[in-house]
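Just so you know, the protein sequences line up as chains A and B, in that order. Just so we're aligned: 210 in the UniProt record's numbering is position 210 of the first sequence, and the numbers increase by one with no gaps anywhere. Just so we're aligned: 174 in the UniProt record's numbering is position 174 of the second sequence, and the numbers increase by one with no gaps anywhere. Using N, Cα and C, we set each Cβ at its ideal position, and we do this for glycine too. Every value quoted in this text rests on a predicted model; they were computed, and no experiment measured them. Shown next, in C-alpha cells, is the structure this report addresses.
Protein chains: 2
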Amino acid sequence: MRLDILKQYETQDKFLVAIDSIIFGFDGESLKLLLVKRGIENEKDTWSLMGGWVHQEESLQDAASRILYELTNLKDIYLEQLHTFGDPLRDPVQRTFSIAYFALINVEDYSQALSSDYEAQWFSLEELPTFLFDHAEMVDMAIQYLRYKASQHPIGFELLPEKFTIPQLQKLYEAIFGSELDKRNFSRKLLSTKLLIKLDEKQRGFSKKGAYFYKVDEEKYKKQFNTFLNFLPNSVL
Amino acid sequence: MRLDILKQYETQDKFLVAIDSIIFGFDGESLKLLLVKRGIENEKDTWSLMGGWVHQEESLQDAASRILYELTNLKDIYLEQLHTFGDPLRDPVQRTFSIAYFALINVEDYSQALSSDYEAQWFSLEELPTFLFDHAEMVDMAIQYLRYKASQHPIGFELLPEKFTIPQLQKLYEAIFGSELDKRNFSRKLLSTKLLIKLDEKQRGFSKKGAYFYKVDEEKYKKQFNTFLNFLPNSVL
DNA sequence: GCAAAAGTGTTCGGAGTACACCCATGA
DNA sequence: TCATGGGTGTACTCCGAACACTTTTGC
Numbered sequence: 001m002r003l004d005i006l007k008q009y010e011t012q013d014k015f016l017v018a019i020d021s022i023i024f025g026f027d028g029e030s031l032k033l034l035l036v037k038r039g040i041e042n043e044k045d046t047w048s049l050m051g052g053w054v055h056q057e058e059s060l061q062d063a064a065s066r067i068l069y070e071l072t073n074l075k076d077i078y079l080e081q082l083h084t085f086g087d088p089l090r091d092p093v094q095r096t097f098s099i100a101y102f103a104l105i106n107v108e109d110y111s112q113a114l115s116s117d118y119e120a121q122w123f124s125l126e127e128l129p130t131f132l133f134d135h136a137e138m139v140d141m142a143i144q145y146l147r148y149k150a151s152q153h154p155i156g157f158e159l160l161p162e163k164f165t166i167p168q169l170q171k172l173y174e175a176i177f178g179s180e181l182d183k184r185n186f187s188r189k190l191l192s193t194k195l196l197i198k199l200d201e202k203q204r205g206f207s208k209k210g211a212y213f214y215k216v217d218e219e220k221y222k223k224q225f226n227t228f229l230n231f232l233p234n235s236v237l
Numbered sequence: 001m002r003l004d005i006l007k008q009y010e011t012q013d014k015f016l017v018a019i020d021s022i023i024f025g026f027d028g029e030s031l032k033l034l035l036v037k038r039g040i041e042n043e044k045d046t047w048s049l050m051g052g053w054v055h056q057e058e059s060l061q062d063a064a065s066r067i068l069y070e071l072t073n074l075k076d077i078y079l080e081q082l083h084t085f086g087d088p089l090r091d092p093v094q095r096t097f098s099i100a101y102f103a104l105i106n107v108e109d110y111s112q113a114l115s116s117d118y119e120a121q122w123f124s125l126e127e128l129p130t131f132l133f134d135h136a137e138m139v140d141m142a143i144q145y146l147r148y149k150a151s152q153h154p155i156g157f158e159l160l161p162e163k164f165t166i167p168q169l170q171k172l173y174e175a176i177f178g179s180e181l182d183k184r185n186f187s188r189k190l191l192s193t194k195l196l197i198k199l200d201e202k203q204r205g206f207s208k209k210g211a212y213f214y215k216v217d218e219e220k221y222k223k224q225f226n227t228f229l230n231f232l233p234n235s236v237l
C-alpha cells in the first residue's frame with residue numbers, strides 16, 4: 001500500500017455513526033410506533049426512536065439487529081434500511097450520521113419478550129409525542145415507505161401474529177393507508193395471491209359468527225416476496 | 001449539557017464517511033455509467049464510481065452535489081440518495097461508510113462541461129469493467145432502482161437534452177428496461193400525461209421523414225413529479 | 001420509386017371498483 | 001328473534017396489450 005493513499009485517509013474527518021429504528025406494530029386497531037424514553041436528556045418527557053451506535057466490527061444490518069434485540073429481545077425481525085440522515089446540525093452535541101432502519105414486529109411477540117432495560121411505549125400514529133432531533137422526519141419517511149411497500153408487497157403479515165383472520169388483515173391495511181377498503185374486493189384480491197392457507201379454526205369471542213383463521217404459506221411468501229405483486233391497487237396511495 | 005452525555009459521545013468509535021455516485025447517462029442508443037480511473041490504486045486499470053469524502057460542515061446532499069460538480073462542472077443535477085454501505089471490510093484500507101447517490105445527467109451537457117481533472121469515461125451497462133470494493137453491488141442496486149423509478153415517475157427526461165423526439169424517448173425506456181416497447185402504446189401513454197409540448201421543429205439527418213421535437217412542460221413536470229403516475233406498466237419490470 | 005423510420009386507431013381481455021344480500025351465532 | 005360482524009357474486013368501466021397500415025422524404 002502506498003503511503004499517499006494512507007495519508008489521504010488519515011487527513012479526513014471522522015464522524016459518529018448511529019442507527020435509529022422506526023419500529024411499527026399493530027394491535028388489532030391501529031398502527032403503533034415503539035418509542036423509548038430518552039433518559040439522558042434534560043427534558044424529561046422527550047421520547048425518541050430506539051437507537052444506538054454502530055460498533056467497530058459489525059455491519060449496519062448487524063448493528064440494527066443488535067439494537068433491536070437489546071430493546072425487544074426479538075430476533076429475525078423484518079428490518080430494512082430506510083435512509084441516512086446527516087445534516088451537520090441534526091445532533092446538537094456532535095455531528096452524527098444516523099442510518100434509519102424500518103422494522104415491523106408484531107405486538108404479541110413483543111409483549112412476551114419485552115426487555116425492561118428500556119422504558120418503552122407504543123404510541124398510536126395519531127398521538128405521537130414531540131420528537132428528538134430529526135426523528136419526526138424519519139418517522140414521516142417511514143410511514144410513507146410503509147404505505148408504498150405494503151401496496152406492492154405482502155408485507156403486512158410481518159405485523160400480525162402467525163394466525164390471523166381476514167378482517168384483522170383488512171383492519172391493518174386500513175390503518176396503514178388511512179382509508180376504508182371494500183371487504184369483498186379486499187378478500188378477493190388477497191385470496192387471489194394464493195398466499196393464505198385457511199385453517200379449520202375460528203376466532204372466538206370477538207364476533208358472534210367468528211372469522212376463520214388463516215396463516216401465510218411461508219414458502220410461497222418467501223419466493224414471491226420480491227416479485228412485484230401489486231398487492232393493493234394504487235388508488236389507496 | 002450534562003457531562004455523562006458528552007462522555008457517552010466521546011467514547012464512541014468514529015468513522016470515515018464517503019459518498020459514491022452512480023451516474024447514468026444516455027447517448028441515444030444505450031444507457032451508460034460515468035466512471036473514473038482510480039489513480040491512487042496500484043492496479044492501473046481499476047475503474048471506480050465517482051466518490052469523495054464528506055466534509056465537516058456540509059450536508060450529505062451538498063457533499064454529493066459538490067463531488068458531482070468537481071467531476072462534471074454541472075449543477076442542478078438529478079441526485080437522490082440510494083443506500084448506505086457499511087460492511088466493516090468493504091474498504092480494505094480503513095473502515096469507511098459510503099452513502100451511495102444516484103445521479104441522472106444528459107451526456108450532451110456533460111461533454112460541454114467536462115472537467116479534465118479526472119480521467120473519466122462512459123461505460124455501456126453491457127460492458128462494465130471490474131469494480132473497486134463493493135461498487136458492483138452499488139451499481140446493481142442503482143440499476144434496479146432506476147427501473148423502478150422510471151416505471152413510476154417520468155424521470156427519463158433527466159437523461160435527455162432539452163429537445164427530444166418520441167422515438168428517442170422510447171429508445172431510452174427500452175434501454176432502461178432492456179425490452180422492446182410498442183411504439184403506438186408508448187406514444188399514446190406518453191402523450192396522455194400532457195407533460196410534453198410539441199415543437200414546430202423536426203429532427204433532421206437521422207431518419208428521412210424526421211421526427212418532431214418535444215420539450216417537457218416544466219411546470220406540470222415539477223407539479224406532478226411526486227404523484228404516482230404509473231408512467232409505464234408494471235409488466236416491463 | 002423504394003427503403004426506412006414516423007405517425008396513428010381499433011379491438012379484446014382482465015383488473016379495479018362499486019354495490020347488496022345471506023349466514024352464523026351469542027345474547 | 002334480533003343484532004352484529006362474516007362471507008360471497010355480479011355488472012360496469014377503464015386500462016393495458018396486441019396488432020397493421022399510411023405518410024414523409026432522402027437516396
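Run through the DSSP bridge pairs and tell me what residue i is partnered with.
| i | result |
| --- | --- |
| tyrosine 101/A | Ser21/A and Gln81/A |
| glutamine 8/B | Note: glutamine 8/B sits in no beta bridge, so no partner. |
| valine 54/A | Per DSSP, none; premise fails for valine 54/A. |
| glutamine 121/A | Leu35/A |
| threonine 96/A | Leu16/A |
| residue 287/B | Shown here, chain B extends from 1 to 237; a query on residue 287/B therefore has no answer. |
| serine 30/B | Looking at the DSSP assignment, serine 30/B forms no beta bridge with any residue, so it has no partner. |
| serine 48/B | Val36/B |
| phenylalanine 131/B | Trp47/B |
Counting only the same chain and skipping the five closest in sequence on each side, list residues whose C-beta sits under 8 Å from that of residue i.
| i | result |
| --- | --- |
| asparagine 106/A | Gly25, Phe26, Glu158, Leu159, Leu160 and Pro161 |
| lysine 14/A | none |
| lysine 163/A | Leu199, Glu201, Phe213, Tyr214 and Lys215 |
| alanine 142/B | Ile22, Phe24, Leu82, Ala100 and Phe102 |
| glutamate 108/A | Pro161 |
| glycine 51/B | Ala18, Ile19, Asp20, Ser21, Ile67 and Ser98 |
Taking 7 Å as the limit between beta carbons, can you name the residues of its chain near residue i, skipping five residues before and five after?
| i | result |
| --- | --- |
| glutamate 174/B | Glu180 and Leu181 |
| valine 236/A | Here the model assigns valine 236/A a pLDDT of 49, short of 50, so the residue's position is not dependable and the matter cannot be decided. |
| arginine 2/B | Any answer about arginine 2/B is weak, because its pLDDT of 49 lies below 50 and its placement is not dependable; what the coordinates show is given next. Cβ within range, chain order: n/a, list empty. |
| phenylalanine 225/B | His153 |
| leucine 172/B | Phe26, Gly156, Leu159 and Leu160 |
Where do the ends of the alpha helix (DSSP H) carrying residue i lie?
| i | result |
| --- | --- |
| tyrosine 145/A | 135-152 |
| tyrosine 173/A | 166-177 |
| glutamine 224/A | 218-224 |
| leucine 191/A | 183-192 |
Just checking: is the beta-carbon of residue i within a distance shorter than 9 Å of some beta-carbon in chain B?
| i | result |
| --- | --- |
| glutamine 203/A | no |
| isoleucine 99/A | yes |
| proline 88/A | yes |
| serine 179/A | no |
| lysine 223/A | no |
| glutamine 170/A | no |
| valine 93/A | yes |
| serine 65/A | no |
| glutamate 57/A | yes |
| leucine 68/A | no |
| lysine 14/A | yes |
| valine 17/A | yes |
For residue i and chain A, any beta-carbon pair shorter than 9 Å?
| i | result |
| --- | --- |
| tyrosine 9/B | yes |
| glutamate 218/B | no |
| threonine 84/B | yes |
| aspartate 200/B | no |
| aspartate 20/B | no |
| threonine 96/B | yes |
| phenylalanine 186/B | no |
| leucine 60/B | yes |
With a CB to CB cut of under 6 Å and the five nearest residues on each side skipped, what residues in its chain are close to residue i?
| i | result |
| --- | --- |
| leucine 125/B | Leu31 |
| lysine 149/A | Ile155 |
| glycine 210/A | Lys202, Gln203 and Arg204 |
| glutamate 80/B | Phe102 |
For residue i, report the span of its beta strand (DSSP E) as first-last.
| i | result |
| --- | --- |
| isoleucine 197/B | 196-202 |
| glutamine 61/A | Not the beta strand (DSSP E): glutamine 61/A falls in the alpha helix (DSSP H), residues 60-72. |
Check whether the Cβ of residue i lies closer than 8 Å to any heavy atom of the ligand NAD, and answer yes or no.
| i | result |
| --- | --- |
| alanine 142/B | Inclusion of the ligand NAD in the displayed structure is not the case, the ligand content being empty and no account of it being possible. |
Return the residues of the region 118-135 of chain A that lie within a Cβ-Cβ distance of less than 9 Å from chain B, sorted by chain order.
none
In chain order, what residues of the region 141-156 of chain B put their CB closer than 7 Å to some CB of chain A?
none
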